[in-house]
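Student:
In this note's numbering, the protein residues as written are 179 to 366.
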């Protein structure tokens, strides 16, 4: 039970720091001087803490970071600081589990790439912005980042390893919460 509490706590903090780091760079959030680097370090540290809390969760976090690298999503200094900390931390304290890593890595790069294409190309076509179109009706799935915990739910159902779902859900929920409050505060 303690392991689950730590995993949920660390992955929630990971999700918060990831989105705040994003808001600082891409959405002009202003907190304090050096906040972008601070949140990059915090993102990396919470990633390493999540890695240290459970081996399977560690592989989920590593797959996420390597997936970000593959999709060229680490485009600011604080992102690369965080990714470097996570990868180096995994090398020192992680335990590589190819079946967990490859499952999530392949899911994240395939669905992440589809999501990127959907967001950056298809939604720019005016006829797809029509509120009655199929793409507009399913876009909330992509917008709210449910694509992250859904594969974890399937993995957990088939393997019985529910800690993966708890980690993915808490990370996504915290990320979505920060995104929600960021949008309400005017940070698009």
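By construction, the Cβ of each residue, glycine as well, lies at the ideal position given by its N, Cα and C atoms.
Can you tell me whether residue 192 is buried or exposed? The criterion is at least 16 other CB atoms within 10 Å of its CB, across all chains shown.
Tutor: As a position in the chain shown, residue 192 is number 14, starting the count at 1. So residue 192 counts as buried.
Student: With DSSP collapsed to three states, give me the class of residue 224.
Tutor: Reading the chain shown from its first residue, position 46 is the one you call residue 224. DSSP places residue 224 in helix when its eight states are reduced to three.
Student: Does any residue of chain B bring its CB to less than 9 Å from the CB of residue 211?
Tutor: Among the protein chains of the structure shown there is no chain B, as only one such chain exists.
Student: Classify residue 198: buried if its beta carbon has 16 or more other beta carbons within 10 angstroms, exposed otherwise.
Tutor: Mapped onto the chain shown, residue 198 falls at position 20. Label assigned to residue 198: buried.
Student: Can you list, in chain order, the residues of its chain whose CB lies under 8 Å from that of residue 188, leaving out five sequence neighbours each side?
Tutor: In the chain shown, residue 188 corresponds to position 10, counting from 1. Sequence-distant Cβ neighbours of residue 188 in its own chain, meaning closer than 8 Å and more than five residues away, are 224, 227, 228, 231.
Student: Taking its Cβ as the centre, do 16 or more other Cβ atoms sit within 10 Å of residue 337, making it buried, or is it exposed?
Tutor: Stepping through the chain shown from its first residue, residue 337 is reached at position 159. Exposed.
Student: By the DSSP assignment, the alpha helix (DSSP H) with residue 204 in it spans what residues?
Tutor: Start at 1 with the first residue of the chain shown, and residue 204 comes out as number 26. Residue 204: member of the alpha helix (DSSP H) spanning 180-204, first to last residue.
Student: Which of the three DSSP states, helix, strand or coil, is assigned to residue 247?
Tutor: The residue labelled residue 247 in the question sits at position 69 within the chain shown. Reduced to three states, the DSSP call for residue 247 is helix.
Student: Residue 236 by DSSP, collapsed to three states: which one?
Tutor: Within the chain shown, numbered from 1, the residue matching residue 236 stands at position 58. Three-state result, residue 236: helix.
Student: Taking the alpha helix (DSSP H) that residue 210 belongs to, which residues open and close that run?
Tutor: Counting from one through the chain shown, the residue named residue 210 turns up at place 32. That residue, residue 210, is in no alpha helix (DSSP H); it is neither H nor E in DSSP.
Student: Less than 8 Å between the CB atoms is what I'm expecting for residue 341 and residue 182, so what's the real figure, rounded?
Tutor: Position 163 of the chain shown, counted from the first residue, corresponds to residue 341. Position 4 of the chain shown, counted from the first residue, corresponds to residue 182. Contact between residue 341 and residue 182 holds, with the beta-carbon distance rounding to 6 Å and staying under 8 Å.
Student: Pair every Cβ in the segment 239-259 with every Cβ in the segment 270-283, then say whether three or more of these pairs are closer than 8 Å.
Tutor: Taking a cut-off of 8 Å for Cβ pairs, the segment 239-259 and the segment 270-283 touch, as three or more such pairs fall below it.
Student: Could you check whether residue 219 and residue 256 sit closer than 9 Å to each other, using their CB atoms as the reference points?
Tutor: One-based indexing of the chain shown puts residue 256 at position 78. One-based indexing of the chain shown puts residue 219 at position 41. The answer is yes: Cβ separation under 9 Å.
Student: Could you have a look at residue 268 and say whether DSSP puts it in helix, strand or coil?
Tutor: Position 90 of the chain shown holds residue 268. Of the three classes helix, strand and coil, the one that applies to residue 268 here is helix, per DSSP.
Student: For residue 252, does the three-state DSSP call read helix, strand or coil?
Tutor: Residue numbering aside, residue 252 sits at position 74 when the chain shown is read from its first letter. In the three-state reduction of the DSSP assignment, residue 252 falls in the coil class, being assigned neither a helical nor a strand state.
Student: In whole angstroms, give me the CA-to-CA distance for residue 349 and residue 190.
Tutor: Translated into the one-based positions of the chain shown, residue 349 becomes position 171. Translated into the one-based positions of the chain shown, residue 190 becomes position 12. Spanning the two alpha carbons is a distance of roughly 5 Å.
Student: Quick one: give me the first and last residue of the alpha helix (DSSP H) that residue 360 is part of.
Tutor: Translated into the one-based positions of the chain shown, residue 360 becomes position 182. Note, residue 360: alpha helix (DSSP H), 340-362.
Student: On the premise that residue 268 lies in contact with residue 236, defined as a C-beta separation below 8 Å, what is that separation, rounded to the nearest angstrom?
Tutor: Your numbering for residue 236 matches position 58 in the chain shown. Your numbering for residue 268 matches position 90 in the chain shown. Going by Cβ atoms, the distance from residue 236 to residue 268 rounds to 6 Å, so yes, they are a contact pair.
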